[in-house]
Amino acid sequence: MRHLNANGFAERRTAAAEAKRQLLAKFASAPKATDPEMQERLAAREAVAAAREARRAAREALKTAENERLLAEAAAAAAAAEIEARKEAEARQAEVADRVARVVADEAARKAERDRRYAARKARQA
């Protein structure tokens, strides 16, 4: 690429040296770490970082508390479901036992009626 103003080597070298001097001047004029302004900025950054860490810790504590609450609710729901299942099983067993008792009672009544008829028939024949 051609330079429009056809800079020579010496001009380019002086331009580079001047750019370097300006860059060094910029860094030299920058505030040092011991300056009060830099100390204030550093303290502000540390305060922000500490506040951020405190908020993170609070969020973690809230998450932990919420997880513990959910686990307790789940355990309570599981216990309630187990109690309900046990009650349903006992009700089914009671219903089956009642049905069996009714069938046995009906069979006994039928047998008693049959025996009564048999005894009446024998009594008539004799």
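Each step along the sequence shown adds one to the number in our numbering, with nothing skipped, and position 89 is 102.
Note that the Cβ used here is the ideal one computed from N, Cα and C, for glycine as well.
| Asked | Found |
| --- | --- |
| Within this structure, are the beta carbons of glutamate 50 and proline 44 separated by less than 7 angstroms? | yes |
| Can you look up threonine 27 in the DSSP assignment and give me helix, strand or coil? | helix |
| Could you give the residue range of the alpha helix (DSSP H) that holds asparagine 80? | 49-138 |
| Going by beta carbon distance, what residues of the same chain come within less than 7 angstroms of alanine 87, once the five residues before and after it are set aside? | none |
| What did DSSP end up calling alanine 32 once you bin it into helix, strand or coil? | helix |
| Under the three-state reduction of DSSP, which class applies to alanine 41: helix, strand or coil? | helix |
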